[in-house]
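Let me begin by presenting the structure, written as structure tokens, before commenting on it.
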Amino acid sequence: MTIQQTEPVRGAWAESSDISFGISGAVQLRYATRWVTRMSRSEWSRTKPVVLDFSAEWCYWCQKEKPYLQRYNTADNGAWVWARVDVDENPDLTQQYQVDGIPALVDIKNGTEAGSRMVGFDGPSSLRDWLNRL
1 MTIQQTEPVR GAWAESSDIS FGISGAVQLR YATRWVTRMS RSEWSRTKPV VLDFSAEWCY
61 WCQKEKPYLQ RYNTADNGAW VWARVDVDEN PDLTQQYQVD GIPALVDIKN GTEAGSRMVG
121 FDGPSSLRDW LNRL
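The opening residue of the sequence shown carries number 1 in the UniProt record's numbering; numbering runs sequentially from there.
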């Protein structure tokens with residue numbers, strides 16, 4: 001997958017080499033473990049929830065869920081940050097969050113897991129309901 005960086009990321013907690021913004025609007029994590037660690041100290045994670053989207057290119061249900069995440073992220077006008085984590089490229093973070101199945105969405109607030117997860121894709125209405133509770 002080719003990731004196009006549309007703008008540099010600024011701030012003490014993130015370097016442009018860590019993340020980029022893809023065509024879909026999601027933050028594409030290259031070095032996810034470092035990004036999540038820095039995120040916990042950022043003002044960004046204290047002002048809005050971050051949805052870690054554990055997925056893989058080969059995962060059928062991940063690809064089915066992706067356009068709905070994109071649509072809802074756009075509709076919510078940045079009320080939450082969508083951060084895609086490729087489980088194949090980030091096994092340490094996948095293990096840290098004990099992700100056993102994908103797609104898996106993990107709600108992060110103030111740099112820690114808020115206890116809300118969605119594993120699997122049960123359709124757009126279930127996804128919308130979960131996002132509304134962030």
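Where a beta carbon is used, it is the ideal one built from N, C-alpha and C, also for glycine. Small disclaimer: the values here were computed from a predicted structure and weren't measured.
According to the DSSP assignment, leucine 134 belongs to no alpha helix (DSSP H), since it is labelled neither H nor E. Taking C-beta separations shorter than 7 Å and ignoring five residues to either side along the sequence, the partners of glutamate 65 in its chain run Pro103, Phe121, Leu127, following chain order. For tryptophan 82, the enclosing beta strand (DSSP E) starts and ends at 81-86. Under the DSSP assignment, lysine 48 falls outside any alpha helix (DSSP H); it carries neither an H nor an E label. For leucine 105, the pairing in a beta bridge is given by DSSP as Asp53, Met118.
Taking 8 Å as the upper bound for CB-CB distance, proline 49 and leucine 134 are in contact here, some 4 Å apart. Cβ atoms of valine 87 and leucine 52 stay farther apart than 8 Å, at about 11 Å. Annotation for methionine 118: Leu105, Trp130 place their beta carbon closer than 6 Å to its own, counting only its chain and skipping 5 residues before and after.
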